[in-house]
Amino acid sequence: MLDDELPNAARLECETHLAVCEPCRLDLASLHHFSMRIEAAVHSTEMPDMSSVRRDLQMVLQPESGKPAALPQNPGKVMRRFGWGMGIAATLAFGILLAPHHDLSPQPELTAETQASSLPQTAAIEVDGETFAPVPYSNSDLSTAAPHIVQMQVPVSSLADIGIVLEPVTNRASDGAPETERSVLADVLVGADGQPRGVHVLGFE
Amino acid sequence: MGNLFALPNIAANAEYLEDTSPLRLVMEYYDREHAPLVRYLCFLNVNPETAKEIVQDCFVKLHEHLEGNGDTTNLRAWLYRVAHNLARNSQLSARARKTDSLTDVTPQKEAASTDLSAEERLLEAERMRLLREGIARLPEAQKQALVLRSQGLKYREIAQALGLSTSTVAENIQRGMDALKKIVA
Numbered sequence: 048m049l050d051d052e053l054p055n056a057a058r059l060e061c062e063t064h065l066a067v068c069e070p071c072r073l074d075l076a077s078l079h080h081f082s083m084r085i086e087a088a089v090h091s092t093e094m095p096d097m098s099s100v101r102r103d104l105q106m107v108l109q110p111e112s113g114k115p116a117a118l119p120q121n122p123g124k125v126m127r128r129f130g131w132g133m134g135i136a137a138t139l140a141f142g143i144l145l146a147p148h149h150d151l152s153p154q155p156e157l158t159a160e161t162q163a164s165s166l167p168q169t170a171a172i173e174v175d176g177e178t179f180a181p182v183p184y185s186n187s188d189l190s191t192a193a194p195h196i197v198q199m200q201v202p203v204s205s206l207a208d209i210g211i212v213l214e215p216v217t218n219r220a221s222d223g224a225p226e227t228e229r230s231v232l233a234d235v236l237v238g239a240d241g242q243p244r245g246v247h248v249l250g251f252e
Numbered sequence: 014m015g016n017l018f019a020l021p022n023i024a025a026n027a028e029y030l031e032d033t034s035p036l037r038l039v040m041e042y043y044d045r046e047h048a049p050l051v052r053y054l055c056f057l058n059v060n061p062e063t064a065k066e067i068v069q070d071c072f073v074k075l076h077e078h079l080e081g082n083g084d085t086t087n088l089r090a091w092l093y094r095v096a097h098n099l100a101r102n103s104q105l106s107a108r109a110r111k112t113d114s115l116t117d118v119t120p121q122k123e124a125a126s127t128d129l130s131a132e133e134r135l136l137e138a139e140r141m142r143l144l145r146e147g148i149a150r151l152p153e154a155q156k157q158a159l160v161l162r163s164q165g166l167k168y169r170e171i172a173q174a175l176g177l178s179t180s181t182v183a184e185n186i187q188r189g190m191d192a193l194k195k196i197v198a
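Sequences listed follow chains A and B, in order.
Residues in the first sequence are numbered from 48 upward in steps of one, following our numbering.
Residues in the second sequence are numbered from 14 upward in steps of one, following our numbering.
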């Protein structure tokens with residue numbers, strides 16, 4: 048593989064030597080012959096049909112709009128390139144959907160069912176990261192900029208009146224206590240008018 | 014049928030020659046280099062379909078490179094470097110489901126030579142197969158350098174494409190050839 052990459056001085060020296068050295072000349076000829084065979088072997092590799100690639104490339108680089116278009120890609124490649132991104136996006140979306148229903152505060156051994164049918168469709172009130180179930184008869188126009196939150200025992204019956212039905216899931220929860228006397232610990236968001244605006248159930252006693 | 018006596022369209026030819034747009038350069042490079050690039054990728058064990066995609070990506074990147082006034086001193090070496098990197102990325106992401114094998118370097122259907130007898134042709138085809146398999150089994154560095162050299166790249170271009178020194182490239186080519194000689198001896 049002697050070629051024109053040698054510096055002039057080295058090339059001259061080689062040529063001078065080859066002119067007088069038969070074994071080196073034969074070695075070089077053999078090397079050259081072997082290089083040609085390797086080249087032929089490499090060039091005999093089967094080529095895929097590339098006709099569509101040139102056309103696609105031209106379309107991508109010179110679309111009618113004049114602005115480069117996106118490459119046509121097979122679904123496998125799209126999945127390989129964007130699969131992780133799509134997975135993460137789906138997980139995030141799933142998490143966002145679940146987040147409002149996931150309460151980290153201690154829960155009573157009760158099931159809370161918000162009877163949506165009996166409640167007006169009001170958005171939950173969020174104050175400093177705490178979510179309150181809105182009390183339907185409160186004045187929703189009042190500001191929550193300076194919130195008053197009171198922690199108190201709230202009778203289950205009054206919660207039922209606003210659509211939050213708490214039902215005992217164990218015998219212990221309802222042992223001895225009449226339905227009317229059961230209560231739960233809750234944060235109550237008090238509006239500027241002194242009326243409760245929302246309730247966040249914290250625990251059951 | 015066209016008018017054979019019509020004068021050549023000088024204006025159109027002049028317009029073509031004056032066109033120094035990135036698009037024209039990219040298409041010229043495509044016509045010249047796409048086949049050697051695909052061959053090189055096949056020897057890197059990239060399957061033909063992926064090789065086509067990589068080659069297409071290479072030329073889109075070349076267009077971006079030219080549009081962004083990138084360095085144009087050795088675009089051929091630049092193209093091979095991009096192809097090499099894209100192939101490596103593709104293989105890393107596909108390692109788990111790797112189905113490519115050395116046998117993917119399949120022979121081209123050669124035109125029957127009238128100068129050789131059927132037996133000689135068979136022998137020649139067998140020698141070519143042995144060489145191809147031998148090249149495919151070489152250590153990566155030697156294989157890459159040898160295949161690029163066989164595609165007509167100069168030592169300094171190979172060095173630029175593979176991110177090596179010229180002397181390392183020369184050494185890899187020499188070792189590769191020595192190993193191949195032993196294989197086909």
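Every residue gets a Cβ at the ideal spot worked out from N, C-alpha and C, and that includes glycine.
Just so it is clear, the structure is predicted and the values come from calculations on it, not from any experiment.
Residue 183 of chain A sits in coil when the DSSP states are folded into three classes, being neither helix nor strand.
Less than 8 Å divides the Cβ of residue 193 of chain B from the Cβ of residue 148 of chain B. Counting other Cβ atoms within 10 Å of its Cβ, residue 65 of chain B reaches 16 or more and is therefore classed as buried. Membership of residue 201 of chain A in the beta strand (DSSP E) is indicated by the continuous run 195-202.
Within the same chain, and ignoring the five residues on either side of residue 185 of chain A in sequence, the residues whose Cβ sits closer than 7 Å to its Cβ are 238, 242, 243, 244.
Leaving aside the five residues that flank residue 80 of chain B on each side, the residues in its chain whose CB is nearer than 8 Å to its CB run, in chain order, 35. The beta carbon of residue 130 of chain B sits no closer than 8 Å to any beta carbon of chain A. Secondary-structure assignment with DSSP links residue 243 of chain A through a beta bridge to A/237. The CB of residue 163 of chain B comes closer than 7 Å to the CB of 85, 86, 89 in chain A, given here in chain order. Here the alpha carbons of residue 179 of chain A and residue 108 of chain A stand approximately 55 Å from one another. Taken through DSSP and simplified to helix, strand or coil, residue 166 of chain B comes out as coil. With 16 or more other CB atoms across the displayed protein chains lying within 10 angstroms of its CB, residue 234 of chain A is buried.
Short of 6 Å from the beta carbon of residue 50 of chain B, and not among the five residues preceding or following it, lie these beta carbons of its own chain, in chain order: 68, 96. Under the three-pair Cβ rule at 8 Å, the segment 86-106 of chain A counts as touching the segment 43-63 of chain B.
Non-local C-beta neighbours of residue 177 of chain A in its own chain, meaning closer than 7 Å and more than five positions away in sequence, comprise 234, 247, ordered along the chain. Look at residue 108 of chain A: its C-beta is under 8 Å from a C-beta on chain B.
Cβ-Cβ distances below 6 Å link residue 136 of chain B to nothing in the same chain once the five nearest sequence neighbours on each side are left out.
Taken atom to atom, the span from the alpha-carbon of residue 175 of chain A to that of residue 102 of chain B is near 46 Å. Within chain A, no residue has its CB atom less than 9 Å from the CB of residue 97 of chain B, the nearest being about 16 Å off.
The DSSP-derived three-state label of residue 209 of chain A is coil.
The three-state reading of DSSP puts residue 250 of chain A in strand, counting E and B together. Pairing residue 229 of chain A with residue 201 of chain A gives a Cβ-Cβ distance that is not under 8 Å. Annotation for residue 100 of chain A: the continuous alpha helix (DSSP H) segment containing it runs 98-108.
Distance from the CA of residue 76 of chain B to the CA of residue 90 of chain B, rounded to the nearest whole angstrom, comes to 15 Å. In this chain, residue 173 of chain A is not harboured by any alpha helix (DSSP H); it is covered by the beta strand (DSSP E) spanning 172-174. The beta carbon of residue 58 of chain A lies closer than 6 Å to none in the same chain, with the five residues before and after it left out. Judged by their CB atoms, residue 85 of chain A and residue 144 of chain B are nearer to each other than the 8 Å cut-off.
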